[in-house]
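Quick note, the sequence shown lines up with residues 31 to 107 if you use my numbering.
Here a beta-carbon is modelled for each residue, glycine too, at the ideal position from N, C-alpha and C.
What follows is one structure encoded as C-alpha coordinates, with my remarks underneath.
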Amino acid sequence: MPRYFFDFADANDVYPDDQGTDLPDVEAAKVEAAKALAAIVKDKADGSDRSFAMIVRTETGEVLLHARIKFEIEMAH
(Lines of atoms letter the chains of each structure in order from A; the text may use other names.)
(Lines give C-alpha, C1' and ligand atoms only; values in the text may rest on other atoms or scores of the structure.)
Protein backbone atom coordinates (compact mmCIF):
# COMPACT_ATOMS: atom_id res chain seq x y z
CA MET A 31 0.00 0.00 0.00
CA PRO A 32 1.31 3.48 -0.78
CA ARG A 33 2.21 5.83 2.04
CA TYR A 34 0.77 9.35 1.97
CA PHE A 35 1.91 12.34 4.01
CA PHE A 36 -0.51 14.99 5.24
CA ASP A 37 1.18 18.34 5.91
CA PHE A 38 -0.99 20.92 7.70
CA ALA A 39 -0.56 24.63 6.97
CA ASP A 40 -2.05 27.81 8.36
CA ALA A 41 -1.23 31.45 7.63
CA ASN A 42 1.93 31.28 9.74
CA ASP A 43 3.47 27.84 9.43
CA VAL A 44 3.57 24.46 7.73
CA TYR A 45 3.53 21.43 10.00
CA PRO A 46 4.99 18.48 8.07
CA ASP A 47 3.79 14.93 8.59
CA ASP A 48 6.93 12.89 9.26
CA GLN A 49 5.19 9.52 9.69
CA GLY A 50 2.67 9.25 6.87
CA THR A 51 -0.28 6.91 6.56
CA ASP A 52 -0.64 3.78 4.44
CA LEU A 53 -3.76 4.00 2.27
CA PRO A 54 -4.95 2.04 -0.76
CA ASP A 55 -5.02 4.93 -3.25
CA VAL A 56 -5.17 8.69 -3.82
CA GLU A 57 -8.97 8.70 -3.44
CA ALA A 58 -8.61 7.32 0.08
CA ALA A 59 -5.93 9.96 0.74
CA LYS A 60 -8.34 12.65 -0.46
CA VAL A 61 -11.00 11.49 2.00
CA GLU A 62 -8.44 11.27 4.81
CA ALA A 63 -7.21 14.81 4.06
CA ALA A 64 -10.74 16.20 4.22
CA LYS A 65 -11.48 14.46 7.53
CA ALA A 66 -8.16 15.46 9.10
CA LEU A 67 -8.46 19.08 7.97
CA ALA A 68 -12.01 19.35 9.32
CA ALA A 69 -10.91 17.93 12.70
CA ILE A 70 -7.96 20.31 12.97
CA VAL A 71 -10.03 23.34 12.01
CA LYS A 72 -12.62 22.41 14.63
CA ASP A 73 -9.91 22.60 17.30
CA LYS A 74 -8.25 25.76 15.96
CA ALA A 75 -11.30 27.89 15.11
CA ASP A 76 -11.22 30.92 17.38
CA GLY A 77 -13.76 33.23 15.76
CA SER A 78 -11.27 35.08 13.60
CA ASP A 79 -10.94 34.88 9.82
CA ARG A 80 -8.44 32.11 9.11
CA SER A 81 -7.31 29.88 6.29
CA PHE A 82 -6.13 26.31 6.71
CA ALA A 83 -4.71 23.80 4.23
CA MET A 84 -3.74 20.15 4.05
CA ILE A 85 -1.09 19.22 1.51
CA VAL A 86 -0.99 15.55 0.54
CA ARG A 87 2.28 14.19 -0.82
CA THR A 88 3.92 10.87 -1.64
CA GLU A 89 7.01 9.32 -0.07
CA THR A 90 9.08 10.92 -2.84
CA GLY A 91 7.69 14.37 -2.02
CA GLU A 92 5.37 14.65 -5.02
CA VAL A 93 2.43 16.87 -4.06
CA LEU A 94 -0.82 15.17 -5.06
CA LEU A 95 -3.41 17.60 -3.77
CA HIS A 96 -4.20 20.61 -1.62
CA ALA A 97 -7.34 20.76 0.52
CA ARG A 98 -8.24 24.23 1.81
CA ILE A 99 -10.75 25.69 4.23
CA LYS A 100 -11.27 29.41 4.66
CA PHE A 101 -13.16 30.41 7.80
CA GLU A 102 -14.83 33.82 7.73
CA ILE A 103 -17.36 35.54 9.93
CA GLU A 104 -19.29 38.45 8.51
CA MET A 105 -21.25 40.64 10.89
CA ALA A 106 -24.84 41.48 9.92
CA HIS A 107 -25.55 45.16 9.34
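- Of the candidates D73, K72, L53, the residue whose Cα lies closest to the Cα of M31 is L53.
- A63 and H107 have their C-alpha atoms some 36 Å from each other.
- Distances from the alpha-carbon of V71 to those of Q49, V93, A41 put A41 closest.
- As DSSP reads the structure, H96 sits in a beta bridge with I85.
- Rounded to whole angstroms, the gap between the alpha carbons of E104 and V93 is 33 Å.
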